[in-house]
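Each residue of the sequence shown is one higher than the one before, counting from -5 in our numbering. Quick reminder that beta carbons are idealized off the backbone N, C-alpha and C, glycines included. Quick caveat: nothing in here was measured; it's all calculated off a predicted structure.
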Amino acid sequence: MKKSLFILMLSLVCLGGLVYWWQTDTQQADREVKGRVTKPSDEAHIVSDWERPFITDRNDSWKIMSYETTAEQVNELIPGEDKQLLPVLIDNDELIYFTATEGFYKLWRYSLLEKSNIFVIGIRQAPIELEVAANGRFAVYTVLDTSRSNLGNRCFLVNLETRQIKEIGSGIRDIEISPDNRHIAYTMDHGLYFIEVLHSKDPTSPIMIQEGDIEAPVFSKSGERIYFIKQLDDVASIVSTDLRGAEDKEILALEVSGGNAEWTMELSQDGEKLLYTDIIDSEALRGNIGWIRTDGTDQHYYVNQGISAHWSKTGHEIWYNRLEIKNGQVSRQIWKMNDQGNYREAVTQEGNNWF
């Protein structure tokens, strides 16, 4: 979903063709927490108290971290020496993620309770986007389309149990899996599409939901409707529709910061609030953050706060990326604010950190 910042970070890593790589590699590593070094504990963390995982870069070592609300500190989640990318937390006890080493990218399943790693697949092209079904059975990832004229990326469906891979298509952006694990939505050049995914069967042919310049699709909590941002010239709106593309409802007309805006959007866990970001400059991490209830009420808007905004688990805080300048050094940090925008606090202070 609009991974401009992540693509920028991956510019140092090589690209190649698709390959399968079978290997298991788990190594112990020290972790750095808010400037102090601690060893991973032998006791299992209270995973239900963790917020969304993010990446920390210290001396070109990318580690998956998360903020533990009970201890009020940032912890490293997975030991290892390879760069860790695109973490997705499943059921509060399993992480699906990629590692990068010497031009190879490996997809893993890591049990946070058992502290065990299971290798799934390996590829040679850098992954851009990773989404995982809530039931943990399959994942969808994209890689840069270097061989075709389509805008966007090549998209693949991988069964996390059988390790089978199927290509969904090319020119695909903004992938989103429904909460009931039945549908995958995505955008292409001129519209919003979905496919149906049934266990042990091939995905259906794509069906267009809506035509136009569309970004940031998000399923409703029931999976029966989908929210998205539709833009026409300098006018943009948050729209809701069913999977047939009928019963359109405009929720909010959006201010466009200038030119072709880039958007992200996320639904709170209770399914009642939509959080969106209007990205002004992805490299400078400049963007406007806003949210509104799905019924179109209670709108809030915060100018030039950051990008990559996400809801906290409670839905009362917003976590986001912003640039910090300290002692003449520029770094990417994780911040949080309450949903009323009157309290802000830095979560990370050292190294570079991003969602």
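Endpoints, the beta strand (DSSP E) within which Asp289 is located | Careful: Asp289 lies outside any beta strand (DSSP E) and carries neither H nor E.
As assigned by DSSP and simplified to three states, the class of Asp333 = Coil, per DSSP.
Nearest to Asn129 by CA position, among Asp168, Leu192, Gly265 and Ile115, is which residue?
-> Leu192
What did DSSP end up calling His177 once you bin it into helix, strand or coil?
-> strand
With distances taken Cα to Cα, identify the nearest neighbour of Thr271 among Gly290, Pro197, Asp292 and Leu248.
-> Leu248
Mind checking who Phe113 pairs with in its DSSP beta bridge?
-> Trp102
Compute the Euclidean distance between the alpha carbons of Trp329 and Ser164, then round it to the nearest angstrom.
-> 35 Å
Taking the alpha-carbon positions, what's the Asp54 to Gln327 distance?
-> 15 Å
Please report the Cβ distance between Ala133 and Ile189, rounded to the nearest whole angstrom; I am assuming they are in contact, meaning their Cβ atoms lie under 8 Å.
-> About 15 Å separates the two Cβ atoms, so there is no contact after all.
From the DSSP output, which residues share a beta bridge with Ala94?
-> Lys77 and Tyr99
Considering only C-alpha positions, which residue in the set Tyr296, Pro197, Glu244 and His310 is nearest to Asp264?
-> His310
Nearest candidate by alpha-carbon position, reference Leu86, set Thr50, Trp56, Trp44 and Lys100 | Note on identity: in this sequence residue 86 is Asn, with Leu being the wrong assignment. It is Trp44 whose Cα lies nearest to the Cα of Asn86.
Cα separation between Gln350 and Lys160?
-> What the structure shows of the chain is the stretch from -5 to 349, and residue 350 is not part of that stretch, so it cannot be assessed.
Beta-carbon separation (whole angstroms), Val114 vs Leu101, contact threshold 8 Å = 4 Å
Looking only at C-alpha atoms, which of Thr342, Phe349, Glu277 and Ile274 sits nearest to Trp305?
-> Phe349
Residue nearest to Ile353 in terms of C-alpha spacing, selected from Glu277, Lys320, Ile286 and Asp289 | Missing from the structure shown is residue 353; the chain here goes from -5 to 349 and no further.
Simplified DSSP assignment, three categories, for Asp139 | coil
So is Asp168 in contact with chain D if we call contact Cβ pairs under 9 Å?
-> Annotation note: the requested chain D is absent from the structure, which comprises a single protein chain.
Nearest to Ile166 (by Cα), restricted to the options His294, Asn153, Asn175 and Pro200 | Pro200
7 Å CB neighbourhood of Asp242 in its chain, flanking five on each side removed | Val233 and Thr235
Between the CA atoms of Leu138 and Glu256 - distance to the nearest angstrom | 18 Å
Between Tyr337 and Met331, what straight-line distance do the alpha-carbon atoms span, to the nearest angstrom?
-> Between the C-alpha atoms of Tyr337 and Met331 there is a straight-line separation of about 5 Å.
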